[in-house]
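J.: Protein sequence lines correspond, in order, to chains A and B.
Take 13 as the starting number for the first sequence in the numbering used here and just add one per residue.
Take 13 as the starting number for the second sequence in the numbering used here and just add one per residue.
Heads up, the beta-carbon is just placed ideally off N, CA and C, and yes, glycines get one too.
Have a look at the structure that comes next, please.
Protein chains: 2
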Amino acid sequence: MYTIGEVSKMVNLPIPTLRYYDNEGLLTNIERDSSGIRKFNDKTLESLRVIECLKKSGMQIKEIKEFMKWCSLGDQTIAKRKEMFIRQKEHIEQEIKELEMALAMIKFKCWYYDEALKDGTEKRVKKLDPNDMPEEIKQLFEHTHQPYRKESITKLI
Amino acid sequence: MYTIGEVSKMVNLPIPTLRYYDNEGLLTNIERDSSGIRKFNDKTLESLRVIECLKKSGMQIKEIKEFMKWCSLGDQTIAKRKEMFIRQKEHIEQEIKELEMALAMIKFKCWYYDEALKDGTEKRVKKLDPNDMPEEIKQLFEHTHQPYRKESITKLI
DNA sequence: TCTTGACTTAAAGTTAACTTTAACTTGTAA
DNA sequence: TTACAAGTTAAAGTTAACTTTAAGTCAAGA
């Protein structure tokens, strides 16, 4: 059994956030001692692990609350819960793809500004043809600078 | 040259969002025609691409605004801009790592609920020893269920 | 007995990034 | 000349997920 302060330190979440999660129904079956103090246990810690993961996967608090309710309803909600995790798996995979796209752009910009810094000016690198870039950088450029319209030429900023 | 409606369709952002970005100083040098209508160009499109990428990397609007100001100050801000991209690269790499951790947990849960669905109950899979899980699933489990305290046994929910 | 630290509550406040509203202008087509 | 579509503004509203505040309880140590 743990107090709210102990759990706060273990999972690295502020105490008011834990109370907020409890009030919102994300933590089921939190016991209280005779004077009303919350007694958390290892099941709470596992719940918090799952809550963090579902939040990362893009779920809102109220959706996580629903999931927790399903958990408490037992075996009759297994199919629902499985489908939910499949949806969140797809969601997070899409999010990772988008972040990797953004990362490619950022890596290109790191190279770009490194070149500009060596020159002391953006002049040369700004009008460089992709074919004159190192192969790896050219790949990053082409991956991230697909034109919005076929006729337009992608410009750097 | 494009109108706000054309840009909205091209980059798939609502018109008020483009106006908001303009008002916040994220889009520099937006020209207007004689009756005050914004005239966007290919440089705007490239700015919007960079804005999306910086937002994905965790930057706030006001920080992006600062970056755009640096861009307009020219070569004297190259070092600053490079350092900013290096910071954002680290930030996004960390974020991808965290999302991959969450994904591992979700993949484990997909397997878990698939087993439970086959059994019609969580009973068996809930108390399964990691050593009796398929190797791949055991890896996911151990990667995502490190105990908060060494003495505690990780429980599923 | 008094102070301290850790807990409790309900309710109000915060923040970022939009989003909506209401009122207006302008250029073209019927 | 009237209607419509697409643009304009300033200002108010929305939303989620906390976070802070104010007031109180309770057990242990000096």
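1) For the putative contact between A:K138 and B:E110, defined by C-beta atoms under 8 Å, what is the C-beta separation to the nearest angstrom?
2) Between the Cα of A:N35 and those of A:D141, A:K77 and A:E134, spot the shortest distance and give me the residue it belongs to.
3) Chain A partners of B:D126, CB-CB under 7 Å?
4) Is the shortest distance between the beta-carbon of B:I76 and the beta-carbons of chain A less than 9 Å?
5) Using beta carbons (cut-off 9 Å, strictly below), is A:R161 in contact with chain B?
6) In whole angstroms, give me the CA-to-CA distance for A:I27 and B:D144.
7) Express the C-alpha separation of A:L152 and B:F97 in angstroms, rounding to a whole number.
8) At the level of alpha carbons, what is the spacing between A:E44 and A:C83?
9) Mapping the DSSP letters down to three states, classify B:K51 as helix, strand or coil.
10) Measure the alpha-carbon distance for B:W123 versus A:L39 and round it to whole angstroms.
11) Are the beta-carbon atoms belonging to A:E75 and A:V23 less than 9 Å from one another?
12) I'd like the span of the alpha helix (DSSP H) that includes A:K101, first residue to last.
13) What residues in its chain sit with their C-beta under 8 Å from that of A:A116, if we drop five residues either side in the sequence?
14) Any C-beta of chain B within less than 8 Å: which residues of the segment 98-109 of chain A qualify?
15) Taking buried to mean at least 16 other C-beta atoms within 10 Å of its own C-beta, is B:M71 buried or exposed?
16) Which ranges does the alpha helix (DSSP H) cover as unbroken runs of at least 4 residues, wholly within the segment 14-80 of chain A, from first to last along the chain?
17) Spatial neighbours of A:Y33 within its chain, please: CB distance less than 6 Å, with the 5 preceding and 5 following residues excluded, ordered by chain position.
T.: From the atom records:
1) Not a contact, Cβ separation roughly 35 Å.
2) If we check each option's Cα against that of A:N35, A:K77 comes out closest.
3) K94, listed in chain order.
4) Among the residues facing chain A, B:I76 is not included, as its CB has no counterpart in that chain under 9 Å away.
5) So, interface residue.
6) So the two alpha carbons sit approximately 37 Å from each other.
7) Roughly 15 Å separates the two Cα atoms.
8) Note that residue 44 of chain A is Arg in the sequence shown here, rather than Glu. A:R44 and A:C83 have their C-alpha atoms some 21 Å from each other.
9) Strand at B:K51.
10) Cα to Cα, B:W123 sits roughly 23 Å from A:L39.
11) Cβ distance not < 9 Å, so A:E75 and A:V23 don't count as in contact.
12) Here the alpha helix (DSSP H) through A:K101 covers I90 to D131.
13) Excluding sequence neighbours, A:A116 sits near L152, H155 and T156.
14) Taking a C-beta cut-off of 8 Å against chain B, the contacting residues of the segment 98-109 of chain A are I98, Q100, K101, I104, E105, E107 and I108, listed in chain order.
15) Around the beta carbon of B:M71, 16 or more other beta carbons lie within 10 angstroms, which makes this residue buried.
16) Counting only runs of 4+ residues, the alpha helix (DSSP H) found wholly inside the segment 14-80 of chain A occupies 16-23, 27-35 and 54-68, in chain order.
17) If you ignore the 5 residues before and after A:Y33, its C-beta comes within less than 6 Å of the C-beta of L39, all in its own chain and listed in chain order.
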